[in-house]
Each structure stands twice: as C-alpha cells, then as structure tokens.
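Numbering (this note's numbering), first residue to last: 245 to 359.
Here a beta-carbon is modelled for each residue, glycine too, at the ideal position from N, C-alpha and C.
All of these numbers come straight from a predicted model, not from anything done at the bench.
One structure is given here, and the rest of the page talks about it.
In structure tokens form, the structure reads like this:
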C-alpha cells in the first residue's frame, strides 16, 4: 500500500504486505525494503528541510538588500546549495548503490522460495 508523498521529503510511505506464510528469506528481504524506504525518507526530509531553510534565509537577505529576491538571485542560491551539499549527496548515492546491490541476493532468495 502506497500513501501520498510526505510534504517535506516527497517520499511516499509504503506499507509492505506481510503474508501469513512469510518465509525467513521473504521476511529478511521485506525488512531490507522497509529500511530502505525509511532511510530515503530520513535523508530527503533532512535535505529538503536544509534547502528550504537556507532558501528562506537567502530570500530574506536579498529582500533586505535589494527590496526583493529575483529568480536570478535564487539561481545563485541554488548553485551554492548544490556545491555545499555535493559531498552529502555523493555519499547518499554511494549508499543507495551499495544498499541496492546488497538487496539483490536476498531478493533472489525470497523469489526462489516462491517457485
């Protein structure tokens, strides 16, 4: 069951079906998937909160300085945010790749139990 996106993280909450005859392999795979959704939510909640907070502060600073914050001004913020968060995003992407690769074998084991 998939719910509407979280207002800040934009990650959709997922409730995974748990069959009454779930095997240990299926349970292990389901738990990995549940953990993946939870960690993605945590990362994007933190990232988007940082982004919006910084954007709001930037807009206030520009409004005080120039009377308003233009789209050109915001492009400066967006670029700086990308530079500042590059390392954190790189580490997250590496984590996602490792996690997904680590989920392959448990996924195959769970699938194998079904056939």
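Residue burial is scored here from C-beta neighbours: residue 354 has at least 16 other C-beta atoms within 10 angstroms and is therefore classed as buried. Unbroken alpha helix (DSSP H) runs of no fewer than 4 residues, entirely contained in the stretch 247 to 327, are found at 268 to 310, following chain order.
With fewer than 16 other Cβ atoms from the protein chains shown falling within 10 Å of its own Cβ, residue 352 counts as exposed.
Less than 8 Å divides the Cβ of residue 252 from the Cβ of residue 289. Your pair residue 357 and residue 269 checks out as a contact, with CB atoms roughly 5 Å apart and the cut at 8 Å.
Between the stretch 328 to 338 and the stretch 247 to 263, the count of C-beta pairs closer than 8 Å stays below three; the two stretches do not touch. If you draw a straight line from the Cα of residue 335 to the Cα of residue 287, it comes to about 11 Å. Cβ-Cβ distances below 8 Å link residue 281 to 255, 257 and 258 in the same chain, with the five nearest sequence neighbours on each side left out; the list follows chain order.
With contacts defined as CB atoms closer than 8 Å, residue 299 and residue 273 fail to qualify as a contacting pair. A Cβ-Cβ contact shorter than 8 Å links residue 295 with residue 325.
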